[in-house]
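Numbering (this note's numbering), first residue to last: 16 to 413. Backbone N, C-alpha and C define an ideal beta-carbon position, used for all residues, glycine too.
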């Protein structure tokens, strides 16, 4: 019975793999991806598990890295090219290019269309972006070095929870003491473009992951009852403003001012002349200082607080509390909300990244509530998406 069911399932999977997955609703796509991932892991033998963890899993990142260094993805574009043509376009020898392409095809990063002939893979299309090609190697070097140092660092502390942002895996890996994350990176001249590289990565994540409107009832909670004398939306630590742009695109009728705040260096990378920025103010601001926009309808802060320990987050939130209008302003924290059980690989990976780089952690709902309370704020609502990323929005009021 089990074998017959497995054979029928295999036939269905093989047929499904010949179809276009882009038509699937996002929720169904996510559930299907998680279910097949779980099935794949259950089917592995113990030897295959060791092989995957030790060899094939880390090799995927290396193969893609070589591909981005060679600009293979942008060279292919939407064309079908031979190994010889790609070797000529990238400067690699045909023999080496053949091995690189074989590895990329094995991981689904490119598609084989014939012997020694390749085309692009739709879900790897982002690697064709010039800015990501340039940022990927820098980000990967930093992340790998940081995470590779984590086991040794934890062993050196007797396996104690890291709490000092100047003494965690990143400092251990670079042989630096008493410096914060960015200061540590700047001790290595090859990291000179680290901030701009991470800004590119954060921009891509902001575009590709959950939008605010996917979780939060914008019309009911923000537009209804809006006072036209106040600003509508203040994107605190908003990077290049992708979330603000997305919000205005989804709700072009929303009234009021839209303001993106970040450091001058980060805002300098925004394409200010792009039509998408029409009606958006880009304002330099340090979120540890007094919030200059008073009484806004919404203060929105996404994926900033998870970089900081509780004491720093309390300072940031208190600045927003002082600016907020009681009973009117909403302070929205858009972050991962770690589940009590069944965390996804993405959530666990991000938690380890935070540990290795900043000596902090991703937070559970209970931890977020305690943080809000420490700043004198009340959690009025919590909204969580139905996705392995476990992105959620906590609505706070003064």
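With a 10 Å radius around its C-beta and 16 neighbouring C-beta atoms as the bar for buried, classify residue i as buried or exposed.
i           : result
residue 199 : buried
residue 62  : exposed
residue 318 : buried
residue 301 : exposed
residue 27  : exposed
residue 128 : exposed
residue 36  : exposed
residue 309 : exposed
residue 292 : buried
residue 258 : buried
residue 168 : buried
residue 207 : exposed
residue 85  : buried
residue 150 : buried
residue 274 : buried
residue 177 : buried
So, are the CB atoms of residue i and residue j less than 7 Å apart?
i           : j           : result
residue 384 : residue 394 : yes
residue 371 : residue 161 : yes
residue 316 : residue 352 : no
residue 195 : residue 180 : yes
residue 104 : residue 120 : no
residue 188 : residue 284 : no
residue 386 : residue 336 : no
residue 126 : residue 134 : yes
residue 279 : residue 299 : yes
residue 131 : residue 108 : no
residue 247 : residue 321 : no
residue 329 : residue 379 : no
residue 341 : residue 413 : yes
Provide the residue(s) that pair with residue i in DSSP beta bridges, ordered along the chain.
i           : result
residue 134 : 126
residue 407 : 350 and 399
residue 313 : 248 and 345
residue 72  : Note: residue 72 sits in no beta bridge, so no partner.
residue 257 : In the DSSP output, where bridge partners are listed per residue, residue 257 has none listed.
residue 394 : 411
residue 295 : 273
residue 14  : There is simply no residue 14 to check, as the chain begins at 16 and stops at 413 in what is shown.
residue 96  : 133
Excluding the 5 residues preceding and the 5 following residue i in the sequence, name in chain order all residues of the same chain whose CB lies nearer than 6 Å to its CB.
i           : result
residue 345 : 313 and 410
residue 204 : none
residue 366 : 376 and 377
residue 324 : 375
residue 331 : 302
Spatial neighbours of residue i within its chain, please: CB distance less than 8 Å, with the 5 preceding and 5 following residues excluded, ordered by chain position.
i           : result
residue 401 : 42 and 45
residue 334 : 302, 303, 304, 305 and 306
Note down, in chain order, each residue of its chain lying with its Cβ closer than 7 Å to the Cβ of residue i, except the 5 sequence neighbours on either side.
i           : result
residue 71  : none
residue 287 : 297
residue 154 : 212, 213 and 216
residue 224 : 404 and 406
Inside the stretch 139-188 only - alpha helix (DSSP H) runs reaching at least 4 residues:
145-163 and 165-171
Along the chain, which unbroken stretches of the beta strand (DSSP E) at least 3 residues long are found entirely within the stretch 259-285?
273-277
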